[in-house]
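Under numbering that gives the first Met the number 0, the first residue of the sequence shown carries the number 0, and numbering increases by one thereafter.
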Amino acid sequence: MNWHAIRAIYRFEMARTFRTITQSIASPVLSTSLYFVVFGAAIGSRMGEIDGVSYGAFIIPGLIMLSLLNESISNASFGIYMPKWAGTIYELLSAPVSYVEVVLGYVGAAATKSMMLGVLILVTARLFVPYEIAHPLLMVVFLVLTAVTFSLFGFIIGLWADDFQKLQVIPLMIVTPLTFLGGAFYSISMLPPVWQKIALFNPVVYLVSGFRWSFYGTSDVNVGISLAAIVGFLAVCLAAVWWIFRTGWKLRA
Numbered sequence: 000m001n002w003h004a005i006r007a008i009y010r011f012e013m014a015r016t017f018r019t020i021t022q023s024i025a026s027p028v029l030s031t032s033l034y035f036v037v038f039g040a041a042i043g044s045r046m047g048e049i050d051g052v053s054y055g056a057f058i059i060p061g062l063i064m065l066s067l068l069n070e071s072i073s074n075a076s077f078g079i080y081m082p083k084w085a086g087t088i089y090e091l092l093s094a095p096v097s098y099v100e101v102v103l104g105y106v107g108a109a110a111t112k113s114m115m116l117g118v119l120i121l122v123t124a125r126l127f128v129p130y131e132i133a134h135p136l137l138m139v140v141f142l143v144l145t146a147v148t149f150s151l152f153g154f155i156i157g158l159w160a161d162d163f164q165k166l167q168v169i170p171l172m173i174v175t176p177l178t179f180l181g182g183a184f185y186s187i188s189m190l191p192p193v194w195q196k197i198a199l200f201n202p203v204v205y206l207v208s209g210f211r212w213s214f215y216g217t218s219d220v221n222v223g224i225s226l227a228a229i230v231g232f233l234a235v236c237l238a239a240v241w242w243i244f245r246t247g248w249k250l251r252a
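Rendered as structure tokens:
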């Protein structure tokens with residue numbers, strides 16, 4: 000394993016983030032803060048509790064998950080697509096670096112940036128609403144697994160995309176709607192019985208529900224099933240990356 004190559008890719012991607020810190024960090028945190036202002040402070044103060052938790056605190060896990068999914072995909076997809084678009088990918092292809100090391104470098108950096116953002120949003124939420132974390136270790140497990148899994152997913156999107164529009168299609172048209180409909184702002188138990196059953200086909204429900212359980216000990220889905228869902232999706236992404244390399248679908252400009 001060429002750890003020097005992994006560290007070089009990782010440091011390059013992290014340096015790019017800090018060069019564009021307004022876009023990469025400040026903008027998502029500010030956008031999420033507006034959700035806290037509107038839904039937490041303004042609307043939340045007029046709503047009752049959900050499962051014994053104030054509405055402002057109830058939406059914290061959902062908002063973190065919303066940002067985590069989008070930023071993980073965006074960071075990883077743009078990270079690998081930009082060298083393809085600029086033509087600098089050939090420098091990477093000509094270097095003595097295996098595809099495994101490329102994945103570790105890019106996905107590791109994307110996951111790190113997403114987790115940093117998640118922690119910043121968690122800290123920012125304290126300014127607007129009080130909350131407690133009942134199971135901090137499990138919260139960290141969900142945070143790490145989600146960041147790594149969707150960074151892998153974003154890496155695959157970056158390999159697949161051949162223009163900037165394709166980079167945005169899946170996050171905007173699929174992931175964001177699934178997150179809003181996945182219980183980020185409400186409990187699916189509030190839905191009519193038919194829609195409760197339909198909601199269970201939304202994979203994001205399991206992520207949001209498990210993450211919320213780590214905060215308050217309440218969830219719409221058993222936490223074991225939520226963990227199994229995220230581990231299963233991680234396995235699917237790993238298998239997809241393995242298949243890409245196995246079949247010779249190389250990084251190409």
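Cβ coordinates follow ideal geometry from the N, Cα and C atoms, glycine included.
Since this is a predicted model, take the numbers as computed values, not measurements.
Practice task
Could you spell out where the alpha helix (DSSP H) holding S32 opens and where it closes?
Solution key: Run containing S32: S26 to Y34, per the alpha helix (DSSP H) assignment.
Practice task
To the nearest angstrom, report how far apart I169 and A85 are at their CA atoms.
Solution key: In this structure, the straight-line span from the alpha carbon of I169 to that of A85 is close to 22 Å.
Handout entry: DSSP state of V52 mapped onto helix, strand, coil
Key = When secondary structure is reduced to three states using DSSP, V52 falls in the strand class.
Exercise for the section: With DSSP as the reference, label M81 as helix, strand or coil. Expected result: Helix, per DSSP.
Problem - Spatial neighbours of K112 in its chain, beta-carbon cut-off 6 Å, leaving aside the 5 residues before and after - result: The beta carbon of K112 sits closer than 6 Å to those of T16 and N74, all from its chain and outside the five residues before and after it, given in chain order.
Problem - Proximity below 7 Å, CB of S204 to CB of G231 - result: Position check: residue 204 holds Val in this sequence, whereas Ser was assumed. Not a contact, by the Cβ cut-off of 7 Å.
Practice task
Assign A124 to buried or exposed, taking buried as 16 or more other Cβ atoms, counted over all protein chains shown, within 10 Å of its Cβ.
Solution key: When all chains shown are included, A124 counts as buried.
Exercise for the section: Closer than 6 Å by C-beta to S225: which residues in its own chain qualify, once you throw out the five before and the five after it? Chain order, please. Expected result: The answer, listed in chain order, is Y205, S208 and G209.
Handout entry: Buried versus exposed call for W212 [16 or more other C-beta atoms within 10 Å across all chains shown]
Key = So W212 counts as buried.
Problem - Alpha-carbon to alpha-carbon, I88 and M189 - result: Their Cα atoms are separated by approximately 49 Å.
Practice task
Would you be able to state if there are at least three C-beta pairs under 8 Å between the stretch 64-71 and the stretch 102-121?
Solution key: As far as the Cβ criterion goes, the stretch 102-121 touches the stretch 64-71, which means the pair count is three or higher.
Practice task
Starting from the Cα of L158, find the closest Cα among V102, P129 and V122 and give me that residue.
Solution key: Checking every option, the nearest Cα to that of L158 belongs to V102.
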